[in-house]
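Peer 1:
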Ligand SMILES: NC(=O)c1ccc[n+]([C@@H]2O[C@H](COP(=O)([O-])OP(=O)(O)OC[C@H]3O[C@@H](n4cnc5c(N)ncnc54)[C@H](O)[C@@H]3O)[C@@H](O)[C@H]2O)c1
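Residue numbers (our numbering): 288 to 709.
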């Protein structure tokens, strides 16, 4: 049964359950399905080797199948030690012949070992969520640079890291920043993170949100989504920011914007979504209420200074799956969810398929664009071309049974002119 070669997964016997779950997700991925049908006919990725470092979920499995249908040979590893869905990984190995190196709960050493195993495919294309493949290739495994044509990047934090590399002129191949597509961050970061982060918090804690004080750190795309959804569940939402523009937007959207020092003593639930480091730190933990819940939905597990919390605590114990209680010396208990890692992927299942449909349509078309334009692209970070973004939006609308009006010739002329006024 096992067809993927040299994989390292939890248990191949989970494959049947994994396939059922992948099929369930694919029902809500019509845009990716359309692209998959074309890829299967045209084989635009024939002979292309891809190393992918993504959250190994059912939706990612659907993307892997599309790449494989397009003719690519794919090695997949996880982009977070806690986000792997072991059944999906088993199904990819057993039924799709894809090599997967990912086990939910893997330690740091195994995590990085799996990245090296994914890279052993000697990729033409790297597909990242957080820039770990690019980072390893540029530091420890430069020999792989020879074959790489380019890479794609899924998330905000990865794009920030890659832009920093390009600015410092150390980036050695072009990157297509999938996150920059509107059909990605407008929907995945906002509605996907908004819903799935609440889902993770609720699955982990079973807490009632109505009437609670919910603190959202960061009012970017993800923070907007979470604040909107937490309010919808009846919470009193406080927002913290460092940038006056999103802070002003939060005020106009009807949220209270405060400094974290003010939020710390009143918050019941805190969630960071900033891409920044130590947004919650000792000075805040010292002021939090007994029973406060602290979690993160930003890419890396550095937004909450957990080592500082551990230093303040006299004991730590796991009280429920994904809930650790830090008992302070003064008797207060603070609860950290999912070890400060992405709570929506660790304690729930990540974004629903409806939004990953668009994110992964951008990934598939981003790879095709990269390969078609390889001679024209420099060692920079490129956005998804607008026509691709619009095409994905058009396909999604069609799948939703919605259509838009067409400009009349008169309107086209009017919109292209400057002479006409009132
Ligand atoms: N959980 C998920 O599934 C998921 C999905 C998409 C993106 N992400 C990650 O979430 C993070 C945020 O992504 P985004 O697209 O919303 O980014 P964004 O750039 O749109 O927003 C981040 C916001 O955080 C603010 N900020 C930075 N430092 C801060 C601090 N110390 N205190 C308060 N606010 C601060 C910034 O001013 C900005 O408004 C990134 O790490 C991204 O990779 C996670």
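Virtual Cβ for every residue (Gly too), placed ideally from N, Cα, C.
Just list the beta strand (DSSP E) runs in the stretch 639-666, keeping only unbroken ones of 3 residues or longer that don't cross its boundaries, in chain order.
Peer 2: Listed in chain order, nothing qualifies, since the stretch 639-666 has no complete beta strand (DSSP E) run of 3 or more residues.
Peer 1: With distances taken from CA atoms, which of 487, 623, 645 and 380 is nearest residue 370?
Peer 2: The residue with the shortest Cα to Cα distance from residue 370 is 487.
Peer 1: Could you pull the start and end residues of the alpha helix (DSSP H) that residue 710 belongs to?
Peer 2: The first residue shown for the chain is 288 and the last is 709, placing residue 710 beyond what the model contains.
Peer 1: Does residue 450 come out as helix, strand or coil in the three-state DSSP assignment?
Peer 2: Helix at residue 450.
Peer 1: Are residue 449 and residue 691 touching if we call contact CB-CB under 7 Å?
Peer 2: Going by C-beta atoms, residue 449 is not nearer than 7 Å to residue 691.
Peer 1: Assuming residue 470 and residue 295 make a contact with CB atoms under 8 Å, what is their CB distance in whole Å?
Peer 2: Incorrect: roughly 33 Å between the Cβ atoms, too far for contact.
Peer 1: Taking DSSP's pairing of strands, which residues face residue 341 in a bridge?
Peer 2: For residue 341, which the question treats as bridged, DSSP gives the partners 365.
Peer 1: Taking the alpha-carbon positions, what's the residue 289 to residue 381 distance?
Peer 2: Low confidence applies to residue 289: its pLDDT is 44, below 50, so where it sits in the model is not reliable enough to give any reading.
Peer 1: According to DSSP, residue 622 sits in a beta bridge with which residue or residues?
Peer 2: Answer by DSSP bridge pairing, in chain order: 580 and 612.
Peer 1: For residue 657, which residues from the same chain have a beta carbon less than 6 Å from its beta carbon, with the 5 sequence-adjacent residues on both sides left out?
Peer 2: 437 and 463, listed in sequence order.
Peer 1: What residues in its chain sit with their C-beta under 8 Å from that of residue 332, if we drop five residues either side in the sequence?
Peer 2: For residue 332, where only same-chain residues beyond five positions count, the Cβ hits under 8 Å are 326, 354, 357, 358, 359, 654, 655 and 658.
Peer 1: If we require 3 or more residues per run, which beta strand (DSSP E) segments fall completely within the stretch 458-495?
Peer 2: Complete beta strand (DSSP E) runs here, min 3: 462-464.
Peer 1: Just to confirm, are residue 441 and residue 408 a CB contact at a threshold of 7 Å?
Peer 2: No, the Cβ-Cβ distance between residue 441 and residue 408 is not below 7 Å.
Peer 1: Could you tell me how far apart the beta carbons of residue 614 and residue 602 are, in whole angstroms, since I believe they sit closer than 8 Å?
Peer 2: Indeed they touch by this definition, with Cβ atoms about 5 Å apart.
Peer 1: For a quick check, are the C-beta atoms of residue 516 and residue 541 less than 7 Å apart?
Peer 2: In this structure, residue 541 does not lie closer than 7 Å to residue 516 by Cβ.
Peer 1: Provide the residue(s) that pair with residue 440 in DSSP beta bridges, ordered along the chain.
Peer 2: BP columns for residue 440 point to 415 and 464.
Peer 1: By how many angstroms is the C-alpha of residue 638 removed from the C-alpha of residue 479?
Peer 2: Cα to Cα, residue 479 sits roughly 5 Å from residue 638.
Peer 1: Whose CA, out of 508, 532, 314 and 590, lies closest to the CA of residue 547?
Peer 2: When each option's Cα is compared against that of residue 547, the closest is 590.
Peer 1: Once DSSP output is grouped into helix, strand and coil, what is the label at residue 309?
Peer 2: Correct three-state label for residue 309: helix.
Peer 1: For residue 668, which residues does DSSP report across the bridge?
Peer 2: 462, per the DSSP bridge assignment.
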